[in-house]
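Under mature numbering (1 follows the signal peptide of the UniProt record, and there is no 0), residues -28 to -1, 1 to 507 are what the sequence shown spells out, in order.
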Amino acid sequence: MSKWNFLALTLGLLLVAAPFTKHQFALADEYEDDEEEDDAPAAPKDDDVDVVVVTVKNWDETVKKSKFALVEFYAPWCGHCKTLKPEYAKAATALKAAAPDAILAKVDATQEESLAQKFGVQGYPTLKWFVDGELASDYNGPRDADGIIGWIKKKTGPPAVTVEDADKLKSLEADAEVVVVGYFKALEGEVYDAFKSYAAKTEDVVFAQTTSADVAKAAGLDAHDTVAVVKNFPGEDRATTTLAKDIDVDALTAFVKSEKMPPTIEFNQKNSDKIFNSGINKQLILWTTADDLKADAEIMKVFREASKKFKGQLVFVTVNNEGDGADPVTNFFGLKGATSPVLLGFFMEKNKKFRMEGEFTADNVAKFAESVVDGTAQAVLKSEAIPEDPYEDGVYKIVGKTVESVVLDDTKDVLLEVYAPWCGHCKKLEPIYKKLAKRFKKVESVIIAKMDGTENEHPEIEVKGFPTIMLFPAGGDRTPIPFEGGDRSLKSLTKFIKNNAKIPYELPKKGSEGADGEDGTSDDKDKPSSDKDEL
C-alpha cells in the first residue's frame, strides 16, 4: 500500500515509524495488512550480500560475537520489509568500511519464531541494536541507507568530532544542516562532560568539539565553555545561536531542541523523521495552496512569524494541498473540499488534532498556537452517523457518537475491537469475532462491539495499531483492559472476557441454542495465521 500512515494512524496512527509506537505523523500505510503487502515490488535478490543472515543455529557465531549488531526481524511477505531491503543492503555495504566493528543482520521471524519470541517481536520489520551480543535498545531511527549509516556511526564512534580548523567545520556543515559546536579551553571539565554526555545520547544532529579560537569564531563563539548551534537549512541563510551560561545536560537539551528545527518544514516522506522524532511532540500544520506557501505570500509570512515565538514548543509544518503528498493530512483531518488556508494542530502523544476557527490573522494564529501548547485547544473528533440498526451479525457497531452511551455504559462489560477496513489482520479476525458475538448473544451483560478506527475517534480510546482489542469493564472505573499477547482465537477471546468481566454470567451450554455454531457446537478452529501487526 502506498498510502501514508501515521497520519493514517498516529496522524490516526502515521507518517512513522517507529515502530512507530511512538505515534509519529508517519506514513499512512504504517499498519497495512499482509494481503496488500504482497503487491509490493520485491527488492533485488542479490543486493544484500553484506547483510548477515541469522538463525538460531548461528546466532552465537554472528550476533553474540559482534561488538555491534543491528538486527532486522522481518517477514518475507511484508511490504515494509521489501521497501527497507535495498536501503538496509546499501547501509550494510557502506558500514563495512565506515564501521567495521558493526554488522547488519536479518532474521526471518516467520521461520525463527523462537528468536522473534525471545526478543519480543510484535510486528514487521522490527529492528534491534545489540552491543557485545546483548540487546541494548530498539532501533527507532531512519529507514533510509544514509540515516541508518549515520545512526550506527554515531552509536559506534565518538559522540563528538574534534575540529581543529575552520575548514573542517565548513566540511561538517556541508554534510549536515545542523552542527552543535562546543568550545573549550581543554577537552575536560564540568561543562565539557555535560556536552559529551548529551552528544552521546543525541542521534539526530552532528556534534563538534574544539579548542581552536578560529573554529569558535566561525561558529559565533568567543568564550570558553560555550556552545553554538550552526544552522544551514535549505532556503535559509546560515545562522548561529549560542548558549553561554548555566550549561548542563538539561540546558543543552532544551537549547538544541529549540534550535535544530527550521522555522517551517515541508510535510513529505523525507522530512517525516525530522518532524516526528524532533523531541517536540506538538505540530502546527498549515494546509494550503502552493501560492500561499511562497516566501513572499502574506499567509506564509504570518506563519513564519508565529514560528519564532513558539520555537522549541511546536514544529511548524507546511502542506501543499495541491500536491500528491498532501493526501495523508487531507484524509486524516477530513479536509476534502475545505477552503484554503486551514491551520491545524496535532498532539502526537495523545493522538489529538485541532483546527483553528476564524480568519488567518497574526493574532488568531498566535492565540491558536498558544492553545495547542497549553492544552486548552478543543480537540476535533471524527464520527460516522449513528446507524439505525447497530447490530451486524451480532456485533454491535460503535461510532464516535455512541462511545459514551454504549462503550462507557457502566452496566455492561463491553469488548471493543477497533479495526481498519484495509487491515488484513482485521479481516482474518472478522469470522472469529462474529462467532464470539454469537457465543455471547444470550449474555445480556456483555456486548461484543467493533468500531472503524479510520472514521471514528474518542478521547477515551487510544489506538496504536489495527486491530486494537480492549475490554471496558462494568462499574465506575471504565479504564479499558487491553487484549495483549493472545492469539486472537475464539478460545482466547472468550477466556479474556471471562477473566476481566465484572458482572457474573453463564454461557449457553454446548448443544443449546445460542452456543457457538447454529448447531450449538463450539468452533475454535479459526485462528489467524499470525498475530503480529505490521510496523
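In this text, a Cβ means the ideal position worked out from N, Cα and C, and glycines have one as well.
- The alpha carbon of K100 has as its nearest neighbour, out of D110, E478 and E59, the alpha carbon of D110.
- Remark: three or more beta-carbon pairs, one from each stretch, lie closer than 8 Å, so the stretch 204 to 221 and the stretch 164 to 172 are flagged as touching.
- Note on geometry: alpha-carbon atoms of D104 and I124 lie some 14 Å from one another.
- Boundaries of the beta strand (DSSP E) harbouring L258: K254 to T260, taken from the DSSP string.
- In the three-state reduction of the DSSP assignment, S377 falls in the helix class.
- Contact annotation: L315 and V337 have beta-carbon atoms nearer than 9 Å.
- Residue range T440 to F444 is occupied by the beta strand (DSSP E) that includes M442.
- For Q255, the CB contacts under 6 Å within the same chain, skipping 5 residues up- and downstream, are V287, V289 and F318 in chain order.
- If you ignore the 5 residues before and after V28, its C-beta comes within less than 7 Å of the C-beta of E84, S86 and L87, all in its own chain and listed in chain order.
- In this structure, L479 lies near V415, with their beta-carbon atoms less than 9 Å apart.
- Just measuring C-alpha positions, the residue of M423, T183, D197 and V177 sitting nearest K203 is V177.
- Of the candidates V378, N428 and F239, N428 places its Cα closest to the Cα of S355.
- Relative to the Cα of I420, the nearest Cα in the group P445, L141, H397 and G396 belongs to P445.
- According to DSSP, residue pairing for T214 in a beta bridge involves A200.
- Within the same chain, no Cβ atom closer than 6 Å to the Cβ of K127 is found once the five residues on either side in sequence are excluded.
- Taking all protein chains shown into account, E106 has fewer than 16 neighbouring C-beta atoms within 10 Å of its C-beta and is therefore exposed.
- Boundaries for L193: no beta strand (DSSP E) harbours it, and the DSSP string shows neither H nor E there.
- Pairing D365 with K406 gives a Cβ-Cβ distance under 9 Å.
- Taking a C-beta distance under 9 Å as the contact criterion, S184 and T236 do not qualify as a contact pair.
- Shown here, G51 sits in a helix according to DSSP, grouped into three states.
- In terms of Cβ geometry, V187 and L141 form a close pair [threshold 9 Å].
- DSSP places R327 in no alpha helix (DSSP H) but in the uninterrupted beta strand (DSSP E) bounded by K324 to R327.
- Q181 counts as buried, since no fewer than 16 other beta carbons sit within 10 angstroms of its beta carbon.
- Among the bridge pairs identified by DSSP, D385 is matched with V418.
- A Cβ-Cβ separation of about 18 Å leaves A63 out of contact with A108 under the 8 Å criterion.
- At a Cβ-Cβ threshold of 9 Å, F332 and P359 do not count as neighbours.
- The beta carbon of P362 is closer than 7 Å to those of Y368 and K369 in its chain, skipping five residues each way along the sequence.
- In this structure, A351 is the residue among A351, V228 and A267 with its C-alpha nearest to the C-alpha of M328.
- V43 is positioned such that its CB atom lies closer than 9 Å to that of A77.
- Contact between L387 and I469 holds: their C-beta atoms lie close to 6 Å from each other, under 8 Å.
- Between the alpha carbons of V301 and G372 lies a gap of roughly 20 Å.
- As computed with DSSP, G207 is found in no beta bridge at all.
- A direct Cα-Cα distance of roughly 25 Å separates G309 from K273.
- If one requires a minimum length of 3 residues, the beta strand (DSSP E) runs lying completely within the stretch 244 to 317 are 254 to 260 and 287 to 292, in chain order.
- Straight-line spacing of the CA atoms in P431 and E208 works out to 39 Å.
- For Y477, there is no enclosing beta strand (DSSP E), as DSSP marks it with neither H nor E.
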